[in-house]
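Trainee: If you scroll down you'll find the structure; I have some questions about it.
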Amino acid sequence: MGPNALLQDDNAHPHRAGIIADHLQHAGVERMEWPSKSPDLNPIEHLWEQLGRAQLVDIQAMLIAQQVQIARLENDSETSEIGRLSHLLAEQMNITESLKERVAQLEERIMATESPTTCPAGYQQFQRTCYRFSTDQKPYSEARDTCHGEGGRLATVKTNETHNFLANHVRAMAQSHTWIGLSDMETEGVWVWDDGTLMQLANNQAMLIALQLQIARLQNDSATSEISRLSSLLAEQKNITDNLKERVAQLEERIRDTGTCIFTCNTTESPTTCPAGYQQFQRTCYRFSTDQKPYSEARDTCHGEGGRLATVKTNWTHDFLANHVRATTHANTWIGLSDVETEGVWVWDDGTLLAGDGIWGTGEPNGGTGENCAHIYPYKDYRWNDISCSRSHYYICEVLA
Numbered sequence: 042m043g044p045n046a047l048l049q050d051d052n053a054h055p056h057r058a059g060i061i062a063d064h065l066q067h068a069g070v071e072r073m074e075w076p077s078k079s080p081d082l083n084p085i086e087h088l089w090e091q092l093g094r095a096q097l098v099d100i101q102a103m104l105i106a107q108q109v110q111i112a113r114l115e116n117d118s119e120t121s122e123i124g125r126l127s128h129l130l131a132e133q134m135n136i137t138e139s140l141k142e143r144v145a146q147l148e149e150r151i152m153a154t155e156s157p158t159t160c161p162a163g164y165q166q167f168q169r170t171c172y173r174f175s176t177d178q179k180p181y182s183e184a185r186d187t188c189h190g191e192g193g194r195l196a197t198v199k200t201n202e203t204h205n206f207l208a209n210h211v212r213a214m215a216q217s218h219t220w221i222g223l224s225d226m227e228t229e230g231v232w233v234w235d236d237g238t239l240m241q242l243a244n245n246q247a248m249l250i251a252l253q254l255q256i257a258r259l260q261n262d263s264a265t266s267e268i269s270r271l272s273s274l275l276a277e278q279k280n281i282t283d284n285l286k287e288r289v290a291q292l293e294e295r296i297r298d299t300g301t302c303i304f305t306c307n308t309t310e311s312p313t314t315c316p317a318g319y320q321q322f323q324r325t326c327y328r329f330s331t332d333q334k335p336y337s338e339a340r341d342t343c344h345g346e347g348g349r350l351a352t353v354k355t356n357w358t359h360d361f362l363a364n365h366v367r368a369t370t371h372a373n374t375w376i377g378l379s380d381v382e383t384e385g386v387w388v389w390d391d392g393t394l395l396a397g398d399g400i401w402g403t404g405e406p407n408g409g410t411g412e413n414c415a416h417i418y419p420y421k422d423y424r425w426n427d428i429s430c431s432r433s434h435y436y437i438c439e440v441l442a
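Residue numbers (the numbering used here): 42 to 442.
Below you can see the structure in the form of structure tokens.
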């Protein structure tokens, strides 16, 4: 059954109707309720589904088509490995997109605090950025060099508002083709802004690219060659992810150094001594619980005390916490690290992303979607392990000293 049949065959009605109903409700289309027991009203139901198809037959239909084609091509044991690698590649691409979004958010915050309050001569301000629209025409590289020479860069357009501002200005001046700072000169298909950040893709687009790559290889190459190429692509994608994680860490450090808050700031002064039950290490106070709770309850307890679950961003901090656990409970102990929101994207309880490889035990993290919270694990030399968030363990709260 082809992809069109998946959307139009009446035998698939219950499943299809559920998808379409959800989609139409999300799109704000109102459905009229009819007596469900009257078979004469089936055409009305079909009309409702036709409305839904108009909104579904876009990238979702493309994804279904790619998946059906792959199912036909994957008919031997070798190509099962291709399917596994393609799935990993798609997941890695989604992680990459989440990181790109985080980089864009941080850069926007930095720009908002560091942008000039007045623009240089010849520039005009929109939001917190100054723009100059050239009156001469140059090749891309020369245009980019000119902007760099003025202490700026070719325009990065990361929001619809910015695009509309720039496009409306070009339209009003009746200008012809106008460069923005976006190119894929370094790697074909990888579009990079002039500020060094990658263009964001929707998750469905990332998945579609991965599926298209898989189909092209299955159709034109041997299975062995395809496995090799997919492995290479996966390694390359992981390198991109690692670079983005490093970039996020740099931006977060830059924000901390300039005293800019990433999230809501507490306007009251931090205590010079630790609260009762806490002990100080460097400039942070820690409390080691004597009770055990699931991850979410432990986190709520720490938040209720004006803090958070412990963020462990240096080896010194890890050694301090791990040595205390080793000397006292010798038991699993929650820290404030999870990938609950996006599988594979590990986020601290303070909202920042895990930088680098982390202090994981050998072979960790390895739990996939079933193990999304991290704890200090005595059985792996008091390093980190991922485990089900519903388990009850000891936990560590922290507040700033």
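Yeah, the Cβ is synthetic: ideal placement off N, Cα and C, and Gly gets one too.
Got a sec? Which residues, its chain only, sit under 7 Å from Thr-325 by beta carbon, not counting five neighbours each side?
Mentor: Glu-439, Leu-441 and Ala-442
Trainee: Which one of His-210, Asn-209, Ala-162 and Pro-180 has the shortest CA to CA distance from Glu-191?
Mentor: Ala-162
Trainee: Could you tell me which residues DSSP puts in a beta bridge with Leu-167?
Mentor: This sequence places Phe at residue 167; Leu is not what is there. Bridge partners of Phe-167: Thr-170.
Trainee: Do Lys-279 and Gln-133 come within 8 Å of each other at the CB atom, strictly closer than that value?
Mentor: yes
Trainee: Using 10 angstroms around the beta-carbon of Glu-501, count the other beta-carbons present and answer buried if the total reaches 16, otherwise exposed.
Mentor: Residue 501 is absent from the model: the chain starts at 42 and stops at 442.
Trainee: If the criterion is Cβ atoms closer than 8 Å, does the pair Tyr-181 and Cys-171 meet it?
Mentor: no
Trainee: Which value, in whole angstroms, describes the spacing of the CA atoms of Thr-203 and Thr-197?
Mentor: 9 Å
Trainee: Once the 5 residues before and after Leu-395 are set aside, which same chain residues still bring their CB inside 8 Å of it?
Mentor: Only Lys-286, Leu-378, Trp-387, Val-388 and Trp-389 meet the Cβ criterion.
Trainee: In the DSSP output, what is His-434 paired with across the bridge?
Mentor: For His-434, DSSP records a beta bridge to Lys-334.
Trainee: If you reduce the DSSP assignment to three classes, tell me which class His-416 lands in.
Mentor: strand
Trainee: Quick check on His-434: buried or exposed, where buried means 16 or more other Cβ atoms within 10 Å of its Cβ?
Mentor: buried
Trainee: Does DSSP put Cys-315 in a helix, a strand or coil?
Mentor: coil
Trainee: If you follow the beta strand (DSSP E) that Tyr-327 is in, where does it begin and where does it stop?
Mentor: 325 to 329
Trainee: Looking only at C-alpha atoms, which of Glu-382, Gly-399 and Tyr-423 sits nearest to Glu-412?
Mentor: Glu-382
Trainee: When DSSP labels each residue in this structure, what does Thr-342 get in the three-state scheme?
Mentor: helix
Trainee: Could you give the distance in angstroms between the alpha-carbon of Val-366 and the alpha-carbon of Ser-272?
Mentor: Rounded to whole angstroms, Val-366 to Ser-272 spans 40 Å at the Cα level.
Trainee: For Arg-143, which residues of its own chain have a beta-carbon under 7 Å away from its beta-carbon, when the five flanking residues on both sides are left out?
Mentor: Val-289 and Leu-394
Trainee: If I follow the unbroken beta strand (DSSP E) through Arg-424, where does it start and stop?
Mentor: 424 to 428
Trainee: Just how far apart, CA to CA, sit Thr-374 and Tyr-436?
Mentor: 5 Å
Trainee: Any idea what DSSP makes of Leu-378, helix, strand or coil?
Mentor: Collapsing the DSSP output to three states places Leu-378 in a strand.
Trainee: Which runs of the alpha helix (DSSP H) at least 4 residues long sit entirely within the segment 351 to 412? Give them in chain order.
Mentor: 356 to 368
Trainee: Please go through the same chain and pick out, in chain order, the residues whose beta-carbon is closer than 6 Å to the beta-carbon of Leu-140, but skip the five residues on each side of it.
Mentor: Around Leu-140: Leu-285.
Trainee: Spatial neighbours of Ile-221 within its chain, please: CB distance less than 7 Å, with the 5 preceding and 5 following residues excluded, ordered by chain position.
Mentor: Leu-195, Ala-196 and Val-198
Trainee: With which residues is Gln-320 paired in a DSSP beta bridge?
Mentor: Residue pairing from DSSP places Gln-320 in a beta bridge opposite Tyr-327.
Trainee: Verify whether the separation of the beta carbon atoms of Ile-8 and Leu-362 is less than 8 Å.
Mentor: Summary: the structure shown does not reach residue 8, with the chain confined to residues 42 through 442, and so no result is reported for it.
Trainee: From what residue to what residue does the alpha helix (DSSP H) around Asp-186 run?
Mentor: 181 to 190
Trainee: Are Val-268 and Leu-126 closer than 8 Å when you measure CB to CB?
Mentor: Here residue 268 is Ile; the residue named in the question, Val, does not match the sequence. Their beta carbons are under 8 Å apart, which means Ile-268 touches Leu-126 by this criterion.
Trainee: Who are the near neighbours of Thr-403 in its chain, counting only those whose CB is closer than 6 Å to its CB and skipping five residues on each side?
Mentor: none
Trainee: Can you have a look at Val-443 and say buried or exposed, based on whether 16 or more other CB atoms are within 10 angstroms of its CB?
Mentor: The question about residue 443 has no answer here: the residues shown for the chain are numbered 42 through 442.
Trainee: DSSP three-state label for Val-231, please.
Mentor: coil
Trainee: Going by CA-CA distance only, name the one from Asn-356, Glu-384, Trp-232 and Leu-223 that's closest to Ala-131.
Mentor: Ranking the options by Cα distance to Ala-131, first place goes to Glu-384.
Trainee: Inspect the beta-carbon positions of Leu-471 and Leu-275 and report whether they are closer than 8 Å.
Mentor: Absent from the model: residue 471. The displayed extent of the chain is 42 to 442, so no value can be given.
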